[in-house]
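S.K.: One structure is given below, represented as C-alpha cells, and several questions about it will come after.
Residue numbers (the working numbering): 1 to 725.
Listed below in C-alpha cells is the structure:
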C-alpha cells in the first residue's frame, strides 16, 4: 500500500519530467541495491575517496556520512583526529550526570523518571517575541505545526480501516528545511508521511498538493487528549493563528517578495506559494536523484516530504518503523545528497519545526554550522531537554560527528547555558525578564517548564481585513495575561538527581548491543526476524531492564524502536509471556469449564464490593488536598472537580501516596473500581485505574505491609520522551 501511495504522490513529477524529455523514473523510488554507484558518488563527494576506501576495507560501509569540511567548504575532507566515537559517547553520559565541585547534585536533573529527559534545575522561559529577521524560520515552524496536525488527522481517518495505524504513526514531531528555494519536511517516523499522503491521495483522487494535505485536520477530541485545560487552549489558539497566516500565504497575500505590511522578506512563504498546484514529492534519503531534487533549479518552489526509506539504517519490509529525529533526517539529506555548502546552496538555508531542537539535535545543528562549513544555516539555538536516544541515533547515523567538537558543544550547553522552555501563547513577560537571544526571557524553576517543547510563539498574528486587503497583519498582538510564579501552572514537575527506580547498569557491552539489535532486526538467520526471534529479544530486553535497570529509552535506541512502544512490548511480555493466538469463532474456542471453582482459602478469596461511599471519597480527598500544593496531578483533579467537566486524567501518573490509598481502599473496603474511577475522573469503566492498581498501587501496598520502612520505589513502566522532544 505504501509503495502504491508513494507512486501516486510523485506521479505529477513523473509526467513533468516526461514533458521535458528527462528521466521519468518516479522520484520517490529508492536505489534497490545498497551501495549503488550513485550512493558511492554521494559518499565520495561528502567524505573524499580516502575515507570511503578505508570504510570499504574495514567492512563498515554505512549509510551516507559527512566528514569535517575543510576551509574551502568543498565537501571533501577527512574525519577529525581524537578519541573514538565510543569513548566520546561515554564522556557525554558522564558530562550529563556530572556533579560540579562543591555541589550536591548534577547540573542536569531527571524529570518524570526520564520521561521528560534531563534538563537544568532552572530554565529560561521564553515569551512571545518578534520574529523580525527570522521570517523564513517562522513560516517553517508554523507550517510544521499544521502538517503535524494533518498527520494526526490522517491517522484518525486511517484507523477507521486499520487500527494498527496509530501505533505505526505515533509521531511527536515535524521539522522543515528551506534549501535552494524549496521546502523539505520530515517527521520522526516514515509511517506518519506514508499515512498522510495515502489519506490525502484518497480524498483528493490524485497526488495531493500541500494545500490539500493541510486541509486534513485532527479532531478536537484527539487534539485535546491528555492535555490540561490551559494546554488545550494554548494549542487551539496557536493553530487558529497559524491557519490564518497559512491562508494568507496560499492567497498570495503573505510572503510577497520584499515583505508586506512592515514584515521582512520571507523566502519560505514564497517557496510555499510558488507551485501550489503541484503535488508534494515523497523522497527517500536513499533515492538516487536526491541531489537533483535538492539542487536543480527546476524543482524550486516544490514541497518534499522526506522519508528515511529502506536503505542502510532504515526499516525493512515487514519490520517495525524506526524513529529518527526529524532534524537528523534533514541533516542526513544534506549528507546523502553530497551537498557542498559553498557550491550547492543558493540563498538562505534554515531548519525549524514544531518543537525546539533537543540538546542532542541542537549540538548536531551547531556542528554542521560551525564544523562542516554550513555557516548560512539558521535554526533555533535555544535548545530543549537532553535525551540519550537522540545522541544514540546520531551515533548510528552521524557517527563522524561524535568527536571532541560535538562533546564541546554538549559541555557548553550543560555548564554554560540552561535549557529553554516556552511560555504560553497569551502569556507576557513579567518585570525582571531580560532580553536574551532576541526576546524576553525569565529564569524560572524547572517545575514550571512546559510539557510541550514548542518553539517560542511569535507576538504577531493575522486577521481578515477589508475587501481591498483580505489579509491584515497584526505586528504585535495583545497578550491576555502576565506570567506570575504565584499563579503559574505546574508543568513537568520537580526533577530529581536520579530516579529512585534506576540502577547503575545502564549500558550494554558492544557484543550485547549487537546481539539484541540483530536479533530484533535481522533474526537468528540474519535474513528476517521471526516471532521467536522477537520473543527472545524481548526476553533479553526484559532482563536488562529488570535486573540491571536499563531504561526503555536506552533499549529502544539499541533496537531502533520508539522507547514508549518498545517499553510497552517489554512490559507486556514480562507480564504475560509470549502471546498465543486463540481463535474467536465459537466452534474453535478451546473448551473450558463454565464455572470456575475457587480453590483458595476462603479468607483469601476476593469478594466483590459496592460503590465507593462518602467515607471512601473523604479518604481520597484528604490525600489529594494534602498533596495539592506540590503535585500537578492533584491540581488537575481539583480543577476538573471544580469545573464539573473536562478530559479524563491518567491514573498511572497519580502520586504514590494516592496510589497507595486507592489500593488500600480497594483491598480493605472492597470498593469497586468503576465507582472509584468515576470519582477520580480516570474513566467511566475503570479499566485504566484497574491497570494502575495492578502495576503500582498493589506493589506499594504490599511493600508497606512487608517492611517497616516507607513506600516502595516507583516502578515506572518506561521512560519516554516528552511530547515533541
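Just so it is clear, CB atoms sit at the ideal spot from N, CA and C, and this is done for glycine as well.
All values reported here derive from a predicted model rather than from experimental measurement.
Considering residue 422, what are the terminal residues of the beta strand (DSSP E) in which it resides?
M.R.: Residue mapping note: residue 422 aligns to position 422 of the chain shown, counting from 1. Residues 420–422.
S.K.: Would you say the beta carbon of residue 693 comes nearer than 7 Å to a heavy atom of the ligand PLP?
M.R.: Of the ligands one can find in the structure shown there are none, so the ligand PLP has no counterpart to examine.
S.K.: Just grab the DSSP bridge partners of residue 109 for me.
M.R.: Counted from its first residue, the chain shown places residue 109 at position 109. 119.
S.K.: Between residue 409 and the rest of its own chain, which residues show a CB-CB distance below 7 Å, the 5 nearest in sequence each way excluded?
M.R.: Working through the chain shown from its first residue, we reach residue 409 at position 409. The answer, listed in chain order, is 363, 366 and 367.
S.K.: For residue 36 and residue 228, what's the separation of their Cα atoms in angstroms?
M.R.: The residue labelled residue 36 in the question sits at position 36 within the chain shown. The residue labelled residue 228 in the question sits at position 228 within the chain shown. Because the pLDDT at residue 36 is just 36, under 50, the model does not fix this residue reliably, and the value given afterwards should be weighed accordingly. Answer to the nearest angstrom: the Cα atoms are 50 Å apart.
S.K.: Is the beta carbon of residue 420 less than 8 Å from the beta carbon of residue 448?
M.R.: For this step, residue 420 is matched to residue 420 along the chain shown. For this step, residue 448 is matched to residue 448 along the chain shown. Not a contact, by the Cβ cut-off of 8 Å.
S.K.: For residue 430 and residue 487, which I take to be in contact (beta-carbon distance under 8 Å), what is that distance rounded to the nearest angstrom?
M.R.: In the chain shown, counting from the first residue as 1, residue 430 sits at position 430. In the chain shown, counting from the first residue as 1, residue 487 sits at position 487. No, residue 430 and residue 487 are not in contact; Cβ-Cβ is about 11 Å, not under 8 Å.
S.K.: Whole-angstrom Cβ separation of residue 640 and residue 681, contact assumed at under 8 Å?
M.R.: Taking the first residue of the chain shown as position 1, residue 640 is located at position 640. Taking the first residue of the chain shown as position 1, residue 681 is located at position 681. That belief holds up - the Cβ atoms of residue 640 and residue 681 are roughly 5 Å apart, short of 8 Å.
S.K.: Check whether the Cβ atoms of residue 141 and residue 246 sit closer than 8 Å, and answer yes or no.
M.R.: As a working mapping, residue 141 is identified with position 141 in the chain shown. As a working mapping, residue 246 is identified with position 246 in the chain shown. No, Cβ-Cβ distance for residue 141 and residue 246 is not below 8 Å.
S.K.: Using a Cβ-Cβ cutoff of less than 6 Å, which residues in the same chain neighbour residue 267 once the five nearest sequence positions on both sides are dropped?
M.R.: Sequence index remark: in the chain shown, residue 267 carries index 267 (1-based). Here the set comprises 136 and 348.
S.K.: Which word fits residue 618, buried or exposed, when buried means at least 16 other C-beta atoms lie within 10 angstroms of its C-beta?
M.R.: In the chain shown, the residue the question calls residue 618 occupies position 618. Classification for residue 618: exposed.
S.K.: Could you check the C-alpha separation between residue 353 and residue 116 for me, to the nearest Å?
M.R.: As a working mapping, residue 353 is identified with position 353 in the chain shown. As a working mapping, residue 116 is identified with position 116 in the chain shown. So the two alpha carbons sit approximately 19 Å from each other.
S.K.: Give, in chain order, every unbroken run of the alpha helix (DSSP H) that is at least 4 residues long and sits entirely within the region 218–275.
M.R.: Listed in chain order, they are 220–224, 229–250 and 267–274.
S.K.: Out of curiosity, what's the CA-to-CA distance linking residue 270 and residue 304?
M.R.: Position 270 of the chain shown, counting from 1, holds the residue named residue 270. Position 304 of the chain shown, counting from 1, holds the residue named residue 304. Straight-line Cα distance between these residues: approximately 15 Å.
S.K.: By a C-beta neighbour count over all protein chains shown, 10 Å radius and 16 as the cutoff for buried, is residue 557 buried or exposed?
M.R.: The residue labelled residue 557 in the question sits at position 557 within the chain shown. Buried, since its Cβ has 16 or more Cβ neighbours within 10 Å.
S.K.: Along the chain, where does the beta strand (DSSP E) containing residue 655 start, and where does it finish?
M.R.: By 1-based counting over the chain shown, the position of residue 655 is 655. Element bounds for residue 655: n/a, residue is neither H nor E.
S.K.: Rank 629, 457, 527 and 693 by C-alpha distance to the C-alpha of residue 138 and give the top, closest one.
M.R.: Position 138 of the chain shown, counted from the first residue, corresponds to residue 138. Nearest of 629, 457, 527 and 693 to residue 138, Cα basis: 457.
S.K.: With DSSP as the reference, identify every bridge partner of residue 183, one or two as the case may be.
M.R.: Walking along the chain shown from the start, residue 183 turns up at place 183. BP columns for residue 183 point to 178 and 303.
S.K.: Which same chain residues, not among the five before or five after residue 635, have their C-beta less than 7 Å away from its C-beta?
M.R.: As a first step, residue 635 must be located in the chain shown, where it is residue number 635. Excluding positions up to five away in sequence, the list reads 490 and 628.
S.K.: Within its chain, find whatever has a CB closer than 6 Å to the CB of residue 520; leave out the 5 residues flanking it on each side and keep chain order.
M.R.: The residue given as residue 520 occupies position 520 in the chain shown. Here the set comprises 537 and 559.
S.K.: List the whole-angstrom C-beta distance separating residue 280 from residue 188, where the pair is believed to meet the contact cut-off of C-beta under 8 Å.
M.R.: Position 280 of the chain shown, counting from 1, holds the residue named residue 280. Position 188 of the chain shown, counting from 1, holds the residue named residue 188. Actually they are not in contact, since the Cβ atoms of residue 280 and residue 188 sit about 18 Å apart, beyond 8 Å.
S.K.: Starting from the Cα of residue 175, find the closest Cα among 327, 87, 154 and 693 and give me that residue.
M.R.: Counted from its first residue, the chain shown places residue 175 at position 175. The candidate whose alpha carbon is nearest that of residue 175 is 327.
S.K.: Just confirm the distance between the C-beta atoms of residue 82 and residue 533, as a whole number of angstroms; I'd bet it's less than 8 Å.
M.R.: Numbered from 1 along the chain shown, position 82 holds the residue referred to as residue 82. Numbered from 1 along the chain shown, position 533 holds the residue referred to as residue 533. Not confirmed; about 38 Å, so no contact.
S.K.: From this set, 704, 549 and 355, which residue's C-alpha is nearest residue 380's C-alpha?
M.R.: Here residue 380 corresponds to residue number 380 of the chain shown, with the count starting at 1. Nearest option by C-alpha distance: 355.
S.K.: Classify residue 190 as helix, strand or coil using the three-state DSSP reduction.
M.R.: Along the chain shown, read from residue 1 onward, the residue named residue 190 stands at position 190. If DSSP states are grouped into helix, strand and coil, residue 190 belongs with the helices.
S.K.: Grouping DSSP H, G and I as helix and E and B as strand, with all else coil, what is residue 672?
M.R.: Residue mapping note: residue 672 aligns to position 672 of the chain shown, counting from 1. Reduced to three states, the DSSP call for residue 672 is coil.
S.K.: Taking the alpha-carbon of residue 397 as reference, which of 308, 652, 576 and 254 has the nearest alpha-carbon?
M.R.: As a first step, residue 397 is located in the chain shown; it is residue number 397 there, counting from the start. Minimum Cα distance to residue 397 is reached at 308.
S.K.: Ignore the nearest five residues each way along the sequence and tell me which others in residue 705's own chain have a CB closer than 7 Å to its CB.
M.R.: What you label residue 705 is simply residue 705 of the chain shown in a count that begins at 1. Cβ neighbours of residue 705 beyond the five flanking positions: none.
S.K.: Under a Cβ-count criterion, where at least 16 other Cβ atoms within 10 Å of its own Cβ denotes burial, should residue 219 be classed as buried or exposed?
M.R.: Counting from one through the chain shown, the residue named residue 219 turns up at place 219. The residue in question, residue 219, is exposed, as its Cβ has fewer than 16 Cβ neighbours within 10 Å.
S.K.: Candidates 659, 146, 523 and 196: which alpha carbon is nearest residue 236's?
M.R.: If you number the chain shown from 1, residue 236 lands on position 236. Ranking the options by Cα distance to residue 236, first place goes to 146.
S.K.: Please state the DSSP three-state secondary structure of residue 469.
M.R.: Mapped onto the chain shown, residue 469 falls at position 469. Coil at residue 469, not helix or strand.
S.K.: Would DSSP call residue 377 helix, strand or coil?
M.R.: For the purposes of this step, residue 377 is taken as residue 377 along the chain shown, with counting starting at 1. Strand at residue 377.
S.K.: Label residue 128 either buried or exposed according to how many other C-beta atoms from any shown protein chain fall within 10 Å of its C-beta, with 16 as the threshold for buried.
M.R.: If you number the chain shown from 1, residue 128 lands on position 128. Its Cβ being crowded by 16 or more others within 10 Å, residue 128 is buried.
S.K.: Does any C-beta atom of chain C lie closer than 8 Å to the C-beta of residue 479?
M.R.: No chain C is present in this structure, which holds just one protein chain.
S.K.: Going by DSSP in three states, residue 530 sits in which element: helix, strand or coil?
M.R.: On the chain shown, residue 530 is found 530 positions in, with the first residue counted as 1. In the structure shown, residue 530 sits in coil (DSSP, three-state: anything other than H, G, I, E or B).
S.K.: Indicate whether residue 216 and residue 150 have their beta-carbon atoms separated by less than 8 Å.
M.R.: Position 216 of the chain shown, counted from the start, is the residue given in the question as residue 216. Position 150 of the chain shown, counted from the start, is the residue given in the question as residue 150. Cβ distance < 8 Å, so residue 216 and residue 150 count as in contact.
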